[in-house]
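The structure under discussion appears below in the form of structure tokens.
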Amino acid sequence: YKTKFIKNLIIDIDNPDPNHGQVIKAIVPRYYKTWGKYYLCSFLKFHQFEQCGNFKDQSLQCYSNEVFNVLRKMANTIFINLPPPKAEIIQNQYANGYSGCNSNGQNVSGNGGNVQMSNFINRHGGCFNGEAFVLLANGKTKFVKDLKKGDQLNNNAIVQCLIEQRSNKFSEAYMCNIDGILFTPYHPICKDDQWYFPIDLVQSKPVSINSWFNLILNNEINGKYEVEFENGIKAITLGHYRKENKILKHGYFGTDLVLKDLKERDPSGYSKGYIYIEEINYRELQYDENQCFTNYYKIQSNNYNNYNDNKIMENEKNISKLIY
100 YKTKFIKNLI IDIDNPDPNH GQVIKAIVPR YYKTWGKYYL CSFLKFHQFE
150 QCGNFKDQSL QCYSNEVFNV LRKMANTIFI NLPPPKAEII QNQYANGYSG
200 CNSNGQNVSG NGGNVQMSNF INRHGGCFNG EAFVLLANGK TKFVKDLKKG
250 DQLNNNAIVQ CLIEQRSNKF SEAYMCNIDG ILFTPYHPIC KDDQWYFPID
300 LVQSKPVSIN SWFNLILNNE INGKYEVEFE NGIKAITLGH YRKENKILKH
350 GYFGTDLVLK DLKERDPSGY SKGYIYIEEI NYRELQYDEN QCFTNYYKIQ
400 SNNYNNYNDN KIMENEKNIS KLIY
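Residue 264 in my numbering sits at position 165 of the sequence shown, and the numbers go up by one each step.
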């Protein structure tokens, strides 16, 4: 238990998190017959040859090197620029009247052209729904969406700015329902005095939601920068400066960088206490070595195609230097 490698290996072998503990899950009979046996073979081979064969298994990350990290960044860039899957139409003669089909008895999976591939790698973004009740200092409650600049929360933090971001109207957002409140899968929350990612507690599911919200708080006195909901769940807010655990620590959302980008994006809204974000250009998102966003709210340019081409060329040059 004393080395990082052993700790990570234990996480890969047996862990309740749906995203980890794959070894113990792979030997379950119904899984072993489908994906389990193939996963175990590859997992053992990667360790045998000390290769970082994927981005997910924690123990394999110990074998990663500079070449792998460059390739991973390239893969991110390539993935978010892939055209989304096209709608699949399947003839079904028994489908008349079925709610998942159109009037011609065809199963339609939806308009893939309006889905952004970056939605599938949103590893560390975080927000909550506007209909959640927040506890105020005066003993009353208020919807998140109705909070105003100057409102005092029950922990004496003062609302400085409410951030509302429109959801993609062409596809449903995947969110986690924690005791009646919807959170994006990786928005740090506190339940029973323990910090979690929502995805560690429940599986995310597609939900119909028009927009989601986040907050900027003035909380210099106690330095918590968190909001407490009516059900007792607490959530961290933007620019929180907290680093006491790996769930809270974030080089962008937890620092002045996110506040700087929001202020530059909408100076007037930032000053008045409300910023509405119509759209994020996901193609320009940048990530750190942990695949966390580093410029989520930054003002976006329209030159994303050139940007990505140049970035790919730059990475290819870096790989050439490293290999040769």
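Using N, Cα and C, we set each Cβ at its ideal position, and we do this for glycine too. Here the structure is a predicted model, which means the values were calculated and not measured.
- Going by C-alpha positions, residue 167 is about 42 angstroms away from residue 331.
- About 6 angstroms separates the beta carbon of residue 271 from that of residue 306, a gap short enough to meet the 8 angstroms contact definition.
- For residue 306, there is no enclosing alpha helix (DSSP H); the residue is found in the beta strand (DSSP E) stretching over 304-306.
- Listed in chain order, the non-local C-beta contacts of residue 318 below 6 angstroms within the same chain comprise 256 and 324, local neighbours out to five positions each way being set aside.
- By the neighbour-count criterion, in which 16 or more other beta carbons inside 10 Å mark a residue as buried, residue 127 falls on the exposed side.
- With 16 or more neighbouring CB atoms inside 10 Å of its own CB, residue 284 falls in the buried class.
- The alpha-carbon separation between residue 119 and residue 265 amounts to approximately 31 angstroms.
- DSSP places residue 326 inside the beta strand (DSSP E), whose first and last residues are 325-327.
- In this structure the segment 244-258 does not lie against the segment 346-363, because fewer than three pairs of beta carbons, one per stretch, are closer than 8 angstroms.
- In this structure the segment 151-163 touches the segment 100-116; the number of beta carbon pairs closer than 8 angstroms is three or more.
- Closest in C-alpha terms to residue 314, from the list 300, 242 and 350, comes 242.
- Looking at the backbone, the Cα of residue 132 and that of residue 152 are separated by about 22 angstroms.
- Out of 163, 135 and 136, the CA that lies nearest to the CA of residue 104 is found in 163.
- The bridge partners DSSP lists for residue 274 are 304.
- Only exposed fits residue 340, as fewer than 16 other CB atoms lie within 10 angstroms of its CB.
- Rounded to whole angstroms, residue 275 and residue 282 show a C-alpha spacing of 5 angstroms.
- Looking from the CA of residue 121, the closest CA among 106, 102 and 142 belongs to 142.
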